[in-house]
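Respectively, the protein sequence lines represent chains H and Z. Per our numbering, the first sequence starts with residue 66, numbered consecutively. Per our numbering, the second sequence starts with residue 1044, numbered consecutively. Below is one structure, written out as structure tokens; the observations come after it.
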Amino acid sequence: MGSEFVMFSLTPMLIGVLASVACALPGNFLILRRQALIGDAISHVVLPGIVVAFLLTGVVAAIPMLLGAAGAAVVAVVLIEAIKRLGRIEPGAAMGVTFTTLFAGGVLLLEQSDTSSVHLDVEHALMGNLESLVWLRATDWSSLIDPWALAGVPEELPRIAVVCAGVILLTLVFWRWLKISTFDEGFAQALGLPVGAIGMGLVITAAVAAVAAFDAVGSIIVIAMFICPPAAARMMTNGLERQVWWSVLFAVISAVLGYVLAGYGPLWLGGENAVSAAGMIATVSGIILALACAFGPHRARVGARAEV
Amino acid sequence: MTDPSVTLAASGGQAAAQVRPDAALSLRGLTVSYGEKPAVFSVDAAFPAGEMTAIIGPNGAGKSTLLKAALGVIPRLSGEVSVFGQPIETVRGRIAYVPQRASVDWDFPTTVIDVVMMGLYRQVGLLGRLTGALKARALSCLDRVGMASFADRQIGQLSGGQQQRVFLARALAQDADLYLLDEPFAGVDAATERAIIDVLKSLKSEGKAVVCVHHDLATVRDYFDNVFMINVRRIAEGPVATTFNGETLNATYGGRLAATHIDQLNLVEGA
């Protein structure tokens, strides 16, 4: 049991947890800033960027893909601005039009190009390939201290680990700036804080987390994790610090429970095949949000004005 | 960078701003525009220390815009801002700002004491420790506005007046010399208005400069020493006793202020 778990389940589960946490952390601030859709937008526009990078280089490699994704994100931002200004369309609609169009363009490109030789297809883009990120060199728990085995972990693991650590570090270091500029931007500006750079830094951090997570687990998890854990966490507490802790907890629970249910749930129900882990992780996060909506202690909006 | 194509009726009071050596905040040629239309056009102003000044004018006259542009919250097209004779960037620690209450989301997950502590963020920096002494200071600021017993409340549970008092407490925590307040009396109950004016008057007696964007003409005489009247351009500026009269009000509000209203204000002067 131990060796099987280490070989087939440990790394995908870890990658799922790290990707979920990396997306949920900036998601807390994006939601409070009413910018939650940005995570959604980024994860969609990443697809055409990655396909173009693949068509240009002919390989599925991390660096070109990340550059392609970043390029696509820039194109998307420019397009959204252009549509807003030239078409006089409200920001939400401009964003929606842009990212669905770019995503659809990415799907068409993907179908037209010869990607049969590599692992790049629409299903992969949506669902990732979490189950395939196995650790074949592992034999049992002792592999965790075996350099030869460790050298064989799927490359997605160290990559998402570095990104997740970076996101955690940035959140801790810039906590006060993020908090005050999210709550009261005018006041933060009057204090002399660089609120423009803080907002941009948050979006860039979210974009890096989205791209790294997309690479490992697909866009479904990215979209779900930006919104579901922070939104559920908001209903558990009235303090930002506690909200962020709850969101991390919910992200971890979604990843672990989702992975286990995807692998074993159908068997328990008498089925034969496992279901997509990414899909199940996203589903679990949605169920957690629903439960928080129904039973969370702070689910009622408390802002109702009662004059003294 | 004044745009000659902008034509606005030049009303009275366009004499060069008096240069007051005791000015806490002075503006020179401040111009702000949203799109093509100037919101504030070539305004000179001097707000003295140790006194309370009301910025008044009709809706859309650029009152809040003037404050925000002075603080750099919105970009200015041209003009100079100096605070205690220094460029603003070097003296930000001496300025406290109270934005309009409605400008933030009161559903934000935070407590009253937490909001007041935000007034200390400049002092403690990104990673400095919020010590017990600092927390005690924040609590004493809350006490000064009569809100100490609400320290651990979620901010969404407060009434409008209580929210305004918390914002004032946050400004007090900044321990500044120049206080800029954007409509501090808007939509608050009578008790809160009383509490706020008491605090502002005590700040004044400590020698601080207090500048409020104000909309209630009936209280200008009771609350303020000076008045700054604006309608995109500066209309008039000076002590309430000599500057706040029917002529300047007409120039500021155009026909929008009924003559009877102005008469009533002048009656207050006689009383």
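Glycine included, every Cβ here is placed at the ideal spot set by N, Cα and C. Keep in mind the model is a prediction, meaning the values are calculated, not measured.
With respect to LEU198(H), ILE80(H) sits close: the two C-beta atoms are nearer than 7 Å. Within the segment 242 to 254 of chain H, those residues whose Cβ lies closer than 7 Å to any Cβ of chain Z are, in chain order, TRP242, ILE245, PHE248, ASP249, GLY251, PHE252, GLN254.
Put simply, the backbone Cα of PRO1118(Z) is about 10 Å away from that of TYR1077(Z).
In this structure the segment 1093 to 1109 of chain Z does not lie against the segment 232 to 239 of chain H, because fewer than three pairs of beta carbons, one per stretch, are closer than 8 Å. If you draw a 10 Å sphere on the C-beta of ILE288(H), you find 16 or more other C-beta atoms in it, and that means buried.
The C-beta separation of GLY123(H) from ALA137(H) comes to about 18 Å, leaving the pair out of contact by the 8 Å criterion.
Burial state of ASP1241(Z) is exposed, judged by a 10 Å Cβ sphere holding fewer than 16 other Cβ atoms. Using a Cβ-Cβ cut-off of 8 Å, LYS1111(Z) is close to GLY251 of chain H, given in chain order.
As computed with DSSP, PHE1090(Z) is found in a beta bridge with LEU1068(Z).
Contact annotation for THR270(H) against chain Z: no contact, minimum CB-CB distance about 16 Å [criterion: below 7 Å]. Around the CB of SER178(H), fewer than 16 other CB atoms lie within 10 Å, so the residue is classed as exposed. The three-state reading of DSSP puts ASN1269(Z) in strand, counting E and B together. Using a C-beta cut-off of 8 Å, the segment 1136 to 1150 of chain Z makes contact with the segment 1209 to 1225 of chain Z, since at least three inter-stretch Cβ pairs fall below that distance. When Cβ-Cβ separations below 7 Å define contact, LEU256(H) makes contact with chain Z. Using a Cβ-Cβ cut-off of 7 Å, PHE1151(Z) is close to LEU97, PHE248 of chain H, given in chain order.
Against chain H, the CB of LEU1114(Z) has a partner CB under 7 Å away; the residue lies at that interface. Close to PHE239(H), with beta-carbon spacing below 9 Å, are these residues of chain Z in chain order: LEU1169. A check of alpha carbon separations from ALA275(H) across GLU69(H), ALA89(H), THR76(H) identifies ALA89(H) as the nearest. At a cut-off of 7 Å between beta carbons, VAL1147(Z) contacts chain H. GLU155(H) and PHE164(H) have their C-alpha atoms roughly 15 Å apart.
Listed by position along chain H, the residues whose Cβ is nearer than 8 Å to that of ARG1172(Z) form an empty set, because the closest Cβ is around 12 Å away. Its Cα nearest to that of ALA1252(Z), the residue LEU1243(Z) stands out among LEU1243(Z), ASP1265(Z), HIS1258(Z). Against chain H, the CB of ARG1119(Z) has no partner CB under 7 Å away; the residue lies outside that interface.
At a beta-carbon threshold of 8 Å, the residues of chain Z lying near THR302(H) are PRO1152, ordered along the chain. Cβ-Cβ separation between VAL1231(Z) and VAL1158(Z): approximately 17 Å, too far for a contact (criterion under 8 Å). Beyond the five residues adjoining it in sequence on each side, SER341(H) comes within less than 7 Å, by CB distance, of MET192, ALA327 in the same chain, given in chain order. For LEU305(H), at least one C-beta of chain Z is nearer than 7 Å to its own C-beta.
The C-alpha of ASP1195(Z) is placed about 6 Å away from the C-alpha of ILE1156(Z).
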